[in-house]
Every structure is written in structure tokens, then in C-alpha cells.
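Residue numbers (this note's numbering): 41 to 291.
So this is what it looks like as C-alpha cells:
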């Protein structure tokens, strides 16, 4: 099945926000596990592997430290406290907002990702999403576009994803595929208006997937929208490193 992906990718103090176009594996690997070197039955991108159990969940907000604020907010591994977070914002209108890390106010604000801007109007982070998706899937026949935005959250990334297929895919079938995918947890309770959030995804191995719905801008049934959140340190780096090592050991 051919797929076109559009991302709006939301990146926090250690992360972002974006929009993309791709080809979809029957078990969609772009929100699930590290992909072993095997193809899906229809010739699309590789399908995901098994998920590893999560570690005990640490406190979301570590105790304040004497670390340099600039280092704490810019380093994915540095402790971040609520007092540090709100130190970027002064509620008194006569006070000046501090902007020691980025040229824009971070707290209570959104702005374009701060990676270098390219001649085509995309920044480096957006082009990295395009290139890395194809590299991870070992599959070039996928159309992707992305917009990456910095958002004021402490941990975890979020993506609003629009998917365009070459044939119909129902919401029910999408949920079935995603529910059976290792490394994916469905968070899609319309009645309670409960969907993925960066707080819920923080310190978890699984990627949270919700807002699964048909793209009503299309007359056909070939488009879906999703909203996903994932811990960019766990699933974006540390867990993947362990899973890749395990795959290599198996070979």
C-alpha cells in the first residue's frame, strides 16, 4: 500500500512538532518498534519487531538542582525542575522575560525549530525527518513533508500526522493494525476526550497513538489523521539502541 505522510511535529525543551507524507507498513513502523531488516508482505516499509518491557517510572519532575539553567534546558539528560521551567516567564508585566537559551520566549509560546534554515524554506530538523524515515525503513518510495515547532513541554515529542494511501483504509482497520503493533499503545477515548499527551508518554517505552479518524478533506476513504506522543529519550534513543543491539546479537 502506498502512503503519503504529512507531519506537524511538536518538540519540547528536549524535543519538537512536525507534519509528514509516507508509505504505510501493514503494521505501521513509524509509530512502533525498531524495524528489523524485513519487508512487509505488500513490499512496503519493514514491519516492527517485539517491544521490550518498560522500566519503573521515575518522578516526572526531578528536584531542583544547582545546574546551570542553560545547560539544564538544552540537554536531554539534565534534570529539569518546574521552578526552572517557569524561570523563563515573569508574570509581572513590568518584569522582563529572560531569553538565555533561545532568541524567543520558550514558556507559554511556540516557535519554529531552531535548526539552520535551508534555501528551500525547510529547516534542518524537518529535512532530517524526511531523510531518516526513508533510511530507517530502507524504503525510498514514500512522500514526506514536515513542519517542526518548539513547544514548552519538559519531555516527549508529539506529531500530528496526515496519512494518504493509494487505496481505502478504514478507522477500524487502522485501529486493529495499530493495536497489534509492538511498541504502540492506543489512547483514543472520544467519549472522555482523552488522547495522547506528552505527560502521559513521558518515561514510557510505548508510543501513544490517538485521534484516529478519516481525513474529511478527501472525497475518498484513502486518508487518515493521527496524533501520537512518544518519549524521545526512551523510544527516540535509549530503547532503540538496546533493541538494535539485540537484533545484531540474534544475527
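Beta carbons: idealized from backbone N, C-alpha and C, even for Gly. Quick caveat: nothing in here was measured; it's all calculated off a predicted structure.
Asked                                                                                                                           : Found
Residues of its chain near residue 210, where Cβ-Cβ distance is below 6 Å and the 5 sequence neighbours each way are ignored    : none
At least 3 beta-carbon pairs within less than 8 Å: the segment 199-206 vs the segment 247-267                                   : yes
Closest Cα partner of residue 244 within the set 279, 212, 221 and 260                                                          : 279
Backbone secondary structure at residue 219 - three-state DSSP                                                                  : helix
Alpha-carbon to alpha-carbon, residue 259 and residue 192                                                                       : 36 Å
Cut-off 6 Å between Cβ atoms - residues of its own chain near residue 228, not counting five sequence neighbours on either side : 250 and 252
Spatially closest choice to residue 146 from 189, 283 and 234, by CA coordinates                                                : 189
Contact set for residue 178: own chain, Cβ-Cβ below 6 Å, skip 5 residues either direction                                       : none
Which listed residue (151, 277, 137 and 186) has its alpha carbon closest to that of residue 160                                : 186
Beta-carbon proximity check, residue 270 vs residue 153, cutoff 7 Å                                                             : no
Run of the alpha helix (DSSP H) containing residue 165, from where it starts to where it stops                                  : 164-177
Simplified DSSP assignment, three categories, for residue 111                                                                   : Any reading at residue 111 must be qualified, since the residue scores a pLDDT of 32, below 50, and its modelled position is unreliable; no value is offered.
Simplified DSSP assignment, three categories, for residue 198                                                                   : strand
Secondary structure of residue 259, DSSP reduced to three states                                                                : coil
Beta-carbon gap between residue 287 and residue 214 smaller than 7 Å                                                            : no
Three-way DSSP call (helix, strand, coil) for residue 147 in this model                                                         : coil
Residue of 241, 232, 144 and 226 minimising C-alpha distance to residue 194                                                     : 241
Local Cβ density within 10 Å of residue 234, reported as buried at 16 or more and exposed below that                            : exposed
Between the CA atoms of residue 162 and residue 137 - distance to the nearest angstrom                                          : 29 Å
DSSP-derived helix/strand/coil call for residue 232                                                                             : coil
Contact check, residue 206 vs residue 223, beta carbons under 7 Å                                                               : no
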